[in-house]
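Protein chains in written order, with the working numbering: chain D, 651 to 925; chain V, 651 to 925; chain E, 651 to 925; chain P, 651 to 925.
Number of protein chains: 4
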Amino acid sequence: MSVENDTRAPWRERLRVIIFEADTPAGKAFDVGLLIAIVLSVSLVMIESVAPLRERHGFEIDVAEWAFTILFTIEYGLRLISVRRASRYAWSFFGVVDFLAIVPTYLSALVPGAESLLVIRGLRLLRIFRVFKLGRFLGEAGVLSRALMSSRHKITVFLGTVLILVTILGAAMYLIEGEENGFTSIPQSVYWAIVTMTTVGYGDLVPQTLAGKALASVVMVLGYSVIAVPTGIVTAEIVETAVGGRVSTRSCPECTSEGHEADARFCKDCGAPMA
Amino acid sequence: MSVENDTRAPWRERLRVIIFEADTPAGKAFDVGLLIAIVLSVSLVMIESVAPLRERHGFEIDVAEWAFTILFTIEYGLRLISVRRASRYAWSFFGVVDFLAIVPTYLSALVPGAESLLVIRGLRLLRIFRVFKLGRFLGEAGVLSRALMSSRHKITVFLGTVLILVTILGAAMYLIEGEENGFTSIPQSVYWAIVTMTTVGYGDLVPQTLAGKALASVVMVLGYSVIAVPTGIVTAEIVETAVGGRVSTRSCPECTSEGHEADARFCKDCGAPMA
Amino acid sequence: MSVENDTRAPWRERLRVIIFEADTPAGKAFDVGLLIAIVLSVSLVMIESVAPLRERHGFEIDVAEWAFTILFTIEYGLRLISVRRASRYAWSFFGVVDFLAIVPTYLSALVPGAESLLVIRGLRLLRIFRVFKLGRFLGEAGVLSRALMSSRHKITVFLGTVLILVTILGAAMYLIEGEENGFTSIPQSVYWAIVTMTTVGYGDLVPQTLAGKALASVVMVLGYSVIAVPTGIVTAEIVETAVGGRVSTRSCPECTSEGHEADARFCKDCGAPMA
Amino acid sequence: MSVENDTRAPWRERLRVIIFEADTPAGKAFDVGLLIAIVLSVSLVMIESVAPLRERHGFEIDVAEWAFTILFTIEYGLRLISVRRASRYAWSFFGVVDFLAIVPTYLSALVPGAESLLVIRGLRLLRIFRVFKLGRFLGEAGVLSRALMSSRHKITVFLGTVLILVTILGAAMYLIEGEENGFTSIPQSVYWAIVTMTTVGYGDLVPQTLAGKALASVVMVLGYSVIAVPTGIVTAEIVETAVGGRVSTRSCPECTSEGHEADARFCKDCGAPMA
Chain D
651 MSVENDTRAP WRERLRVIIF EADTPAGKAF DVGLLIAIVL SVSLVMIESV APLRERHGFE
711 IDVAEWAFTI LFTIEYGLRL ISVRRASRYA WSFFGVVDFL AIVPTYLSAL VPGAESLLVI
771 RGLRLLRIFR VFKLGRFLGE AGVLSRALMS SRHKITVFLG TVLILVTILG AAMYLIEGEE
831 NGFTSIPQSV YWAIVTMTTV GYGDLVPQTL AGKALASVVM VLGYSVIAVP TGIVTAEIVE
891 TAVGGRVSTR SCPECTSEGH EADARFCKDC GAPMA
Chain V
651 MSVENDTRAP WRERLRVIIF EADTPAGKAF DVGLLIAIVL SVSLVMIESV APLRERHGFE
711 IDVAEWAFTI LFTIEYGLRL ISVRRASRYA WSFFGVVDFL AIVPTYLSAL VPGAESLLVI
771 RGLRLLRIFR VFKLGRFLGE AGVLSRALMS SRHKITVFLG TVLILVTILG AAMYLIEGEE
831 NGFTSIPQSV YWAIVTMTTV GYGDLVPQTL AGKALASVVM VLGYSVIAVP TGIVTAEIVE
891 TAVGGRVSTR SCPECTSEGH EADARFCKDC GAPMA
Chain E
651 MSVENDTRAP WRERLRVIIF EADTPAGKAF DVGLLIAIVL SVSLVMIESV APLRERHGFE
711 IDVAEWAFTI LFTIEYGLRL ISVRRASRYA WSFFGVVDFL AIVPTYLSAL VPGAESLLVI
771 RGLRLLRIFR VFKLGRFLGE AGVLSRALMS SRHKITVFLG TVLILVTILG AAMYLIEGEE
831 NGFTSIPQSV YWAIVTMTTV GYGDLVPQTL AGKALASVVM VLGYSVIAVP TGIVTAEIVE
891 TAVGGRVSTR SCPECTSEGH EADARFCKDC GAPMA
Chain P
651 MSVENDTRAP WRERLRVIIF EADTPAGKAF DVGLLIAIVL SVSLVMIESV APLRERHGFE
711 IDVAEWAFTI LFTIEYGLRL ISVRRASRYA WSFFGVVDFL AIVPTYLSAL VPGAESLLVI
771 RGLRLLRIFR VFKLGRFLGE AGVLSRALMS SRHKITVFLG TVLILVTILG AAMYLIEGEE
831 NGFTSIPQSV YWAIVTMTTV GYGDLVPQTL AGKALASVVM VLGYSVIAVP TGIVTAEIVE
891 TAVGGRVSTR SCPECTSEGH EADARFCKDC GAPMA
């Protein structure tokens, strides 16, 4: 990143490198510390929701919660100060998440009935993704997200087909079983079809008639077979990405193009021998 | 598509292109509008089946339902008029679906006890597949359906084997657990075997004896392992389709070697230009 | 199959070809007829186990059952007569299955308390595998069973590891939850671990304590991830078999060896140019 | 293993080869015997936990348990004696497991309330992994564990993402369903999210409201699709390991081309013998 025509004070750029980058020792230490603070604060949110613990240790939880909120507020302020364009950061995805991580605590203190907003603090967990910049995980996450991104159209087609299937099968089940067997409406039956087709199978709603059980068997076998499709899509994508990675290790000495197969003897772009 | 010896009026051909094709802006707009109408009308069918909503908003639902029915009737008429051979369309898969999408509403108004036919309107959802012609989804759906088609014999063999297995295992379970533990007949036990082997596991019927639990464990581990087979089939097919598409279509005009990548400009074996 | 030094009458060899082979029109017709008879007779066994149907149509079921038994007895006799060595057939896998398909009906008529043996007739279903010789399914089944056979050691290692895991995790759960929460013994807990790890999840036995739920979560995530392993094994095997299939289409003009890659220019076994 | 500057008596080295190696007939027989003893002793631990069996056959179980404990104690002593550095073995993974396999029985005899420690004997099962050295399973286990090891970073990223997802989705479910529908705390809701996302679906905790069911459907479809990712990772890894092992190890001595199959005798590019 070029630092020319950067009118900010030099300490702000140094602060930005520590907070936003992970390459320097200070930046890495900051990320690790932030990771620990996030995990601890989310654990606190989870503990707070357990009624017996909240009643017994309410005061300690409140103190710790305010400590984390103040810590994250300072961090949020430092991010706003150190970044080049504060508004661009504030409206970015992580900027909004950082804001939502601190604002519910203040709101619950000011507005009387805002306690239910406290759950929003669970979004703090999303901030962990920022720390995935750390070390070697970046590359691995890159392979996975590239494979998912390049197969997103196939997966959309697949999920669309599944949604249409569960709606039609759910409606058929509503017709077969009827309201007396718990299939009280089509949305309810579609919910049953999703529970069955994804092989979750809660068992809170099960077919009672013979025809219903026969249709349920079809849905199950369908769901059991159809899961092969997204798996096949993603696997093919990962294999291809991996093979693509194996392909691209050589570059042409003449035109420096890449992407040659391992056994190519001539550059496929300019025809020069690969030597 | 050649338009010669087409005796229809030109406006009918223009109408056909709008309704049946998706390449022109008008055709695309028609498809998007149709997609929205289908989703809304199916949502309406689902809402209508929820008893409290039906009682409170019965009149509004009826009005909206008739509006959609008239809309789809007009669309059906336009399709019949614009297409070259009306009878061939009327008896095609989508022609029948289009017909089934409108006829239940008329029947329920004419025949008193035909309300249960209204669920057939859920088939409207099938019409969404027609809109999959839209944009890039066609290609993706093509890869998936080609992979499924070319592996259909393997999947038939697999499903046949699974069906034979669940029948034999279900009959064995009927012998082991018996009627006193809920396994009242072989079809019921086969249903249990399907529920277990597909890893759905409702829990409405579970083994009670030690021998039954041992056999159930075998069924579960079998189902858990055997799911690898359809996944393997479909994945291998998709990988092959993807690799085959990327590589083997071109041959060198000089040395006739094969296996060139799609973007190769020179033969990787003799260095001649690929032309 | 060489027919020399075959001392049987020629009609017995013709009979054998009809009954055991599927290449001739008569053999194919015999196989299709047998397939239908098997499916019908197994359906009959299933129907017979449904108490209301058995009470109402007991006589018709008995008549049909005896008809199928006599039919299969005649078929068994013809197989014994037509085959070259009757004893080798009688003790082969399908010979035993053919015998078990008819003997329970006779036994139930002779021995008073032998009704429970009737379920053994469900093994008739196994005879369907014999008909898989029909047409193109043979090749597809071959690919699948080859892939399964060549990955059987890997799958044994995998299943062994899973069995050791569920035993240790089940024992740990027995220690954590104890008898008061339904985990009454280690075998019972191991059963729970299998139900959970294979993602079946009946729900007849669920952890109640916090520690139990935490361990259960570990078992679930483990089972959810570990299923990737058999899938990966089988997929890799099928891909390899398929690629191997693509490889083997060329044979050396000099030494007729096979298994050459598509872009090989010289025979990899004798060094002659592949032309 | 070089035996020079080995100051131990020769019989100790011979003992070590029998106990720790599997190449000699005596070593193989020892391993098979040990495998049987482990399986029998673990079966005994399982049987002991079944209350009716323990009450009826308590004495026989105790006798057999002490027999196995003394057998394993002797084996442990022999291992300590025969190995070159006893302390290194004692603190190795299998050394600790071997120790934990015998110590609970002695403790339960000495300390009155130490019966619950007896479950630790279940760890004896881990010793089976040592016997996997036997024969051809070693290679197969090697392929699997190499594939798992080289994909461990990808799987860590995947599991981390899944954990973050279930926490956020669980917290959302706590907000939607609330304590009156059984979602009494965020940890409880996260447990539900894990049960649902891994498609286990016990059914002990199910959404009751419409919004809850809608969110549950999202979780299910997510879990159903997302399982494709670890499968894809492991499959790609196994395919790569298999293909890499089969092809890329040899190069032609004449033209130095690569990518020859393991059984090629002549270079597929220039026809020179591969020697």
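No residue lacks a Cβ here, since even glycine has one placed at the ideal position from N, Cα and C.
Simplified DSSP state of residue i, which is helix, strand or coil
i: Tyr726/E; result: helix
i: Gly853/V; result: coil
i: Glu710/E; result: helix
i: Trp661/E; result: helix
i: Ser742/V; result: coil
i: Val733/P; result: coil
i: Gln838/V; result: helix
i: Asp673/V; result: coil
i: Ser691/P; result: helix
i: Val761/D; result: coil
i: Ser800/V; result: helix
i: Gly895/D; result: Residue confidence is low: Gly895/D scores 44 on pLDDT, short of 50, so the model does not pin down where it sits. No coordinate-derived value is stated.
i: Ser795/P; result: helix
i: Gly820/D; result: helix
Beta carbon proximity, residue i to chain P, threshold 8 Å
i: Thr723/V; result: no
i: Thr817/V; result: no
i: Met799/D; result: no
CB contact check: residue i to chain D, cutoff 8 Å
i: Tyr841/V; result: yes
i: Thr629/E; result: This structure cannot settle anything about residue 629/E, because the visible part of chain E is limited to 651 through 925.
C-beta contact flag for residue i and residue j at 8 Å
i: Leu773/P; j: Leu757/P; result: no
i: Ser713/E; j: Arg771/E; result: The identity of residue 713/E in the sequence shown is Val, whereas the question assumes Ser. Cβ atoms of Val713/E and Arg771/E: not closer than 8 Å.
i: Ile888/E; j: Ala759/E; result: no
i: Tyr874/E; j: Val856/V; result: no
i: Ile844/E; j: Met847/V; result: no
i: Ile883/V; j: Ser801/V; result: yes
i: Ala740/E; j: Leu730/E; result: yes
i: Thr885/P; j: Thr885/V; result: yes
i: Ser732/P; j: Arg780/P; result: no
i: Trp842/P; j: Gly820/P; result: yes
i: Val840/E; j: Val816/E; result: yes
i: Thr881/D; j: Thr806/P; result: no
i: Phe775/D; j: Ile814/P; result: In the sequence on display, residue 775/D carries Leu and not Phe. Yes; because the gap between Cβ atoms is below 8 Å, this pair is in contact.
Spatial distance of residue i from residue j (CA atoms)
i: Pro762/E; j: Ile818/V; result: 25 Å
i: Gly752/P; j: Val879/V; result: One detail in the question is off: residue 752/P reads as Ile in this sequence, not Gly. The straight-line gap from Cα to Cα measures roughly 42 Å.
i: Leu930/E; j: Lys804/V; result: Nothing can be reported for residue 930/E, as the shown portion of chain E is limited to 651 through 925.
i: Arg706/D; j: Val812/P; result: 32 Å
i: Asp673/D; j: Ile724/D; result: 22 Å
i: Glu829/V; j: Ile697/V; result: 41 Å
i: Gln858/P; j: Glu827/P; result: 7 Å
i: Leu728/P; j: Ile668/P; result: 11 Å
i: Ala679/D; j: Phe670/D; result: 12 Å
8 Å Cβ cutoff, residue i in contact with chain V
i: Gly853/P; result: yes
i: Ile877/E; result: yes
i: Met823/D; result: no
Candidates the options, of which the one nearest residue i by Cα
i: Asn831/D; options: Met799/D, Leu703/D and Leu860/D; result: Leu860/D
i: Gly810/P; options: Val689/D, Leu684/D and Pro675/D; result: Val689/D
i: Val747/V; options: Arg777/V, Ile686/V, Thr806/V and Val840/V; result: Arg777/V
i: Ser691/V; options: Arg664/V, Leu728/V, Leu815/V and Val769/V; result: Val769/V
i: Gly683/E; options: Phe722/E, Phe808/E, Ser835/E and Glu710/E; result: Phe722/E
i: Leu865/D; options: Met823/D, Phe833/D and Ile711/D; result: Met823/D
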